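Here the sequence shown is numbered in our numbering, starting from 502 and rising by one per residue.
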Amino acid sequence: MLHQEVSGRVRPAAGARGSRAGPTAHDSTGELRAALGVCRHSFVMAGFFSLFINLLMLAPVFYMLEVYDRVLPSSGEATLLMLTLLVLFLFAVMGALDWVRSQILIAVSARIDGTLGPRVFDGVFARGLQGGGRGPSAQPLGDLMQLRQFLTGAGLLAFFDAPWVPVYIAVMFLFHPVFGAVGLASAGVLLALALWGELRTRADLEQATQVSQEISQHTQQQLRNAEVIEALGMLPRLRERWAARQAHAMSLQMRASRRGGAVGVASKMFRLAIQSLILGLGAWLAIRGQITGGSVIAGSILLGRALAPLDLIINGWRGFQGARGAYRRLEALLAALPRCADPMALPAPQGALALEQLTVQPAGAEAPLLRNVSLALPPGASLAIVGPSGAGKSTLLRAMLGLHEPASGSVRLDGAELAQWSREQLGRHVGYLPQDVELLDGTVAENISRFGPAEPERVLAAARAAGVHEIILRLPQGYETWLSSGGQALSAGQRQRIGLARALYGAPCLVVLDEPNANLDQDGELALAQTLRHLKAQGQTVVVTTHRPGLLAQMELLAVVVEGQLTRFGPRETVLAAIQQPVQRVAAAGA
């Protein structure tokens, strides 16, 4: 039930157009708080067990009191035996309750992970799409792990035990008012130290975390370009930049650690000193006949027990700060990427694609990348998009697939706007080959089948349609060859052709190919031409971008994109003639 509540589709919050798919009734603001609220009963149970655990913590206090005040004066061995057996039994009960409490918190942690894990995972990818897939960070998944670890660690248990500090101090007042006053003052000192540590370290730790995340993202980007960096001798300069950023992060962390360490040492020294001094105070009160000898020992134990949760909170404050920062980042992520209910399933499309006054301006862009683009393709049409580099061709393809939210206008497949499709359903009916082909960790067959149930006949059909079947058979384990790190054991052309097979898997009605021949040799070009003829014969709608004229012969329609605008669109021969006429006039004038 809880998993179903958070399993809705994630859509970027930038642009209200995502609301057309119908947001869920739940507002994503405070979604993390709501997920923790569902576990409220478990937290209450943990607090309930903490009640009995802390009451049983008084057992050694009263044991020492009875031993020193009753057993020793009367030399009562039988009484000592019974008291010892009783306190051992109470210790066993306390240990069992403590174990049950820890298991409750572990279950809470697992439940939160199972509830929010899919949402955060989807949110990471949705945020990556907002940046066009550039530099996405998996930090939110680390934040979820950090929050989960805090919920099962000693730091949270200290917060459960801290409310019982006044109870222990109240018992100290029963022993003697001076004992109670010392306990109250000691707790105040430790709380002041905790507050001081928070104020001294919070800003540095938050800034250090931010800088560390930036360093991680920069390093990931550089690793993806390791060959270029090595070939051009850029490594020393990049290492210097990394070292400067790392030194900045380390200076912040070290300053926070020094300040936090000073607070921790002061707390520890104060606690040890006050526990020793209270023995001296108890001895002085006993000499004056105001308390018994047993009260001296029992008071020292009570003070230690009263200060222990506060000491744990101080020493674990850095973990608490980290969990708090992770909580805030997760809450911001979930609020920025709200859930949308999956729309009603639509019939399988035939491949009619229409763009209506489409304008695309990604978040952070100063100007639109596409402006007022309109075109219509009937099912089975084939379109080539040409234009200079940076004209917006790849952006146009991504908009056709719904990877860019329109700033205005719409993209329709068989008359329905793309937002009316669930991404999973739409994905079964489209094929996409990007310029930079990345293969994922898995077998060749899994990559081609998009990591769904690998149906051998469909995998083979896609591989043959892409002209890559024979190449795959020559791999060490054929279709079961394991690919890792983007398939770097393969050549760029092999990756591109396997990526093409992935795009063709399941015979999608719409196939979008971005520079599909960029890394192909002559044989690959011939195989691609055969693939395009096969798609045309199958009645699949095909859209390609290319800088090479060889592919144009396979296309029926041609579009020219210049500076984000569609300047020409129509039958291939008509558009080519319109493009060539100005060139011919200039040549004739020069002659």
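Where a beta carbon is used, it is the ideal one built from N, C-alpha and C, also for glycine. Predicted, not measured: the structure shown is a model, and the values here were computed from it.
Contact set for residue i: own chain, Cβ-Cβ below 7 Å, skip 5 residues either direction
{"i": "S529", "result": "With a pLDDT of 44 at S529, under the threshold of 50, the modelled position of this residue cannot be trusted; read the value that follows with caution. Only L835, A836, P839 and R840 meet the Cβ criterion."}
{"i": "V797", "result": "L780, G783, A784 and A787"}
{"i": "A1079", "result": "R1069"}
{"i": "L739", "result": "Q723 and I730"}
{"i": "G765", "result": "I815 and N816"}
{"i": "P869", "result": "T860, V861, Q862, A908 and G1065"}
{"i": "A964", "result": "I949, H970, I973 and A1002"}
{"i": "R649", "result": "S610, I613 and D614"}
{"i": "V1087", "result": "Note that V1087 scores a pLDDT of 39, beneath 50, so its modelled location is shaky; the value from the coordinates is reported in the next line. Closer than 7 Å at Cβ, skipping near neighbours: no residue."}
{"i": "L897", "result": "L871, V874, I886 and V1062"}
{"i": "A663", "result": "P810, L811 and I814"}
Rounded C-alpha distance that separates residue i from residue j
{"i": "V666", "j": "T710", "result": "33 Å"}
{"i": "Q640", "j": "G734", "result": "30 Å"}
{"i": "G636", "j": "T653", "result": "For G636, the pLDDT reaches just 47, beneath the cut-off of 50, and the residue's location in the model is therefore unreliable, leaving the point undetermined."}
{"i": "S992", "j": "G932", "result": "22 Å"}
{"i": "V621", "j": "L831", "result": "8 Å"}
{"i": "V1076", "j": "G910", "result": "25 Å"}
{"i": "Q1081", "j": "Y980", "result": "46 Å"}
{"i": "A853", "j": "S875", "result": "14 Å"}
{"i": "G1025", "j": "S923", "result": "34 Å"}
{"i": "G531", "j": "P977", "result": "51 Å"}
{"i": "P561", "j": "A597", "result": "17 Å"}
{"i": "E741", "j": "R703", "result": "28 Å"}
{"i": "T944", "j": "A962", "result": "17 Å"}
{"i": "T525", "j": "A849", "result": "Because the pLDDT of T525 is 44, which lies under 50, any placement of that residue in the model is unreliable, and the number read from its coordinates should be weighed accordingly. The straight-line gap from Cα to Cα measures roughly 25 Å."}
{"i": "Q791", "j": "A748", "result": "59 Å"}
{"i": "L587", "j": "I605", "result": "27 Å"}
{"i": "W1096", "j": "L813", "result": "Lying before the first or after the last residue shown, residue 1096 is absent from the chain, which here runs from 502 to 1092."}
{"i": "L642", "j": "M546", "result": "28 Å"}
{"i": "G1000", "j": "R541", "result": "47 Å"}
{"i": "L589", "j": "W818", "result": "33 Å"}
{"i": "G866", "j": "A827", "result": "It is worth fixing the name first, because residue 866 is Ala in this sequence and not Gly. Their Cα atoms are separated by approximately 28 Å."}
{"i": "H1048", "j": "A1038", "result": "24 Å"}
{"i": "L617", "j": "V539", "result": "12 Å"}
C-beta atoms of residue i and residue j nearer than 8 Å
{"i": "I972", "j": "R996", "result": "no"}
{"i": "V887", "j": "V1013", "result": "no"}
{"i": "L753", "j": "Q714", "result": "no"}
{"i": "A757", "j": "F651", "result": "no"}
{"i": "I815", "j": "A695", "result": "yes"}
{"i": "Q1041", "j": "P1009", "result": "yes"}
{"i": "F771", "j": "V690", "result": "yes"}
{"i": "L934", "j": "A1004", "result": "yes"}
{"i": "L884", "j": "V625", "result": "no"}
{"i": "G460", "j": "F661", "result": "The first residue shown for the chain is 502 and the last is 1092, placing residue 460 beyond what the model contains."}
{"i": "T793", "j": "D644", "result": "no"}
{"i": "Y669", "j": "L556", "result": "no"}
{"i": "G994", "j": "L1021", "result": "yes"}
Closer than 7 Å: residue i CB and nearest the ligand SAH heavy atom
{"i": "L657", "result": "In terms of ligand content, the structure shown is empty, and the ligand SAH therefore cannot be addressed."}
Enclosing alpha helix (DSSP H) for residue i [first to last residue]
{"i": "Y828", "result": "W818 to A837"}
{"i": "N1020", "result": "Neither: N1020 is in no alpha helix (DSSP H) and is coded neither H nor E."}
{"i": "F661", "result": "A655 to D662"}
{"i": "L669", "result": "The identity of residue 669 in the sequence shown is Tyr, whereas the question assumes Leu. Where Y669 is concerned, the enclosing alpha helix (DSSP H) stretches over V666 to F676."}
{"i": "V1062", "result": "Not the alpha helix (DSSP H): V1062 falls in the beta strand (DSSP E), residues L1058 to V1063."}
{"i": "A993", "result": "A993 to L1005"}
{"i": "Q1131", "result": "Residue numbering for the chain in the displayed model covers 502 to 1092; residue 1131 lies beyond these limits and cannot be assessed."}
{"i": "R899", "result": "K894 to M901"}
Proximal residues to residue i (C-beta, below 8 Å), its chain only, five neighbours per side dropped
{"i": "S985", "result": "D942"}
{"i": "F563", "result": "A799"}
{"i": "P889", "result": "V1063"}
{"i": "A767", "result": "L694"}
Residue i - containing beta strand (DSSP E), residue span
{"i": "N873", "result": "L871 to L878"}
{"i": "R929", "result": "Segment: none, R929 is in no beta strand (DSSP E) and carries neither H nor E."}
{"i": "R1069", "result": "Q1066 to P1072"}
{"i": "L884", "result": "S883 to V887"}
{"i": "S911", "result": "S909 to L914"}
{"i": "L941", "result": "Run containing L941: none; DSSP gives neither H nor E here."}
{"i": "V1045", "result": "T1042 to T1046"}
{"i": "A855", "result": "L854 to V861"}
6 Å CB neighbourhood of residue i in its chain, flanking five on each side removed
{"i": "T580", "result": "V572"}
{"i": "E1074", "result": "none"}
{"i": "A682", "result": "none"}
{"i": "G903", "result": "L919"}
{"i": "Q936", "result": "D1015 and E1016"}
{"i": "A877", "result": "A855"}
Go through the stretch 738-817 residue by residue and report every complete run of the alpha helix (DSSP H) that reaches 4 residues or more, in order.
794-816
Taking only runs of the beta strand (DSSP E) that begin and end inside the stretch 603-636, which ones reach a length of at least 3 residues, in chain order?
none
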